[in-house]
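Note sheet for the following structure.
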Amino acid sequence: MKGQKGFTLPELLITVAITGLIVSFLGTAIYQILTITEYSSDRTIAMHELQNVAHWVSRDGQMARAASGGSELILTLPDGSPITYAMAETELRRTTGESQMTLARNISDLSFSVENRIITMTITSSPEGRPNISEQRMYKVYLRPTEGG
């Protein structure tokens, strides 16, 4: 038996301990990478929703001659046709005549106010199933100047 070579018990225990540490560090790193990527993706989606709404309200608001706010926004274009922004459950929809377009989903709070030809919109987007992610922004849009003033 003196000529047999192999590992001693302490060597084997040290090897198992080092392997366990390496596996736990790798597992933690992979978990963090996946969690941070999902969190970042959800925040990006929430921001995109807000920016899309801001784009459309700004575009239409700069063409409108009149506006009224509250829980929904009604813009009146120079030809007298209305554009309405209103919530339907958690979706914000833009309605013009017969057409309707969903601008954003997962909207948890929305308010419009109109004062001195300035539309102030406060909007909050909270992706479904992610209660710790919420993006809120306030946008101001100036209506087109009135004729003669």
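Using the numbering used here, you'd call the opening residue of the sequence shown number 1 and step up by one each time.
Using N, Cα and C, we set each Cβ at its ideal position, and we do this for glycine too.
> What do you get for I22, buried or exposed, if any count of 16 or more other CB atoms within 10 angstroms of its CB means buried?
Replying inline: If you number the sequence shown from 1, residue 22 lands on position 22. With fewer than 16 other Cβ atoms within 10 Å, it is exposed.
> How would you label N116, buried or exposed, when you count the other beta carbons within 10 angstroms and need 16 or more for buried?
Replying inline: Start at 1 with the first residue of the sequence shown, and residue 116 comes out as number 116. Per the 10 Å Cβ criterion, exposed.
>> The alpha helix (DSSP H) that contains T120, what's its start and end?
In response: Here residue 120 refers to the residue found at position 120 when the sequence shown is read from its first residue. That residue, T120, is in no alpha helix (DSSP H); its beta strand (DSSP E) goes I118 to S125.
> Residues in its own chain within less than 7 Å of D60 by CB, not counting five upstream and five downstream?
Replying inline: Within the sequence shown, numbered from 1, the residue matching residue 60 stands at position 60. Within the same chain, D60 has close Cβ partners L75 and I83.
> Between R130 and Q4, what straight-line distance do the alpha-carbon atoms span, to the nearest angstrom?
Replying inline: Mapped onto the sequence shown, residue 130 falls at position 130. Mapped onto the sequence shown, residue 4 falls at position 4. Whole-angstrom Cα-Cα distance: 60 Å.
> According to DSSP, is S24 helix, strand or coil?
Replying inline: In the sequence shown, residue 24 corresponds to position 24, counting from 1. Three-state result, S24: helix.
> For R93, which of helix, strand or coil comes out of DSSP?
Replying inline: Taking the first residue of the sequence shown as position 1, residue 93 is located at position 93. Three-state DSSP puts R93 in a strand.
> Where does R43 sit, in a helix, a strand or coil, going by DSSP?
Replying inline: Stepping through the sequence shown from its first residue, residue 43 is reached at position 43. Correct three-state label for R43: helix.
> Which residue's Cα is closest to the Cα of S81: S41, I45 and T96?
Replying inline: Working through the sequence shown from its first residue, we reach residue 81 at position 81. The option with the nearest alpha carbon to S81 is T96.
> What do you get for L73, buried or exposed, if any count of 16 or more other CB atoms within 10 angstroms of its CB means buried?
Replying inline: Translated into positions along the sequence shown, residue 73 becomes position 73. Its Cβ being crowded by 16 or more others within 10 Å, L73 is buried.
> Whose C-alpha, out of A46, I118, T28 and R93, is nearest the C-alpha of G69?
Replying inline: Position 69 of the sequence shown holds residue 69. Checking every option, the nearest Cα to that of G69 belongs to I118.
> For S99, which of Y85, G27 and A46 has the nearest alpha-carbon?
Replying inline: By one-based count along the sequence shown, residue 99 stands at place 99. Answer by Cα proximity: Y85.
> What's the gap between the Cα of A104 and the Cα of E49?
Replying inline: Counted from its first residue, the sequence shown places residue 104 at position 104. Counted from its first residue, the sequence shown places residue 49 at position 49. Spanning the two alpha carbons is a distance of roughly 5 Å.
> Opposite T156 in the DSSP bridges: which residues?
Replying inline: Past the edges of the chain, shown from 1 to 149, lies residue 156, and the structure says nothing about it.
> Going by alpha carbons, who is nearest to Y142 out of S108, H55 and L13?
Replying inline: Counted from its first residue, the sequence shown places residue 142 at position 142. Here the closest residue by C-alpha is H55.
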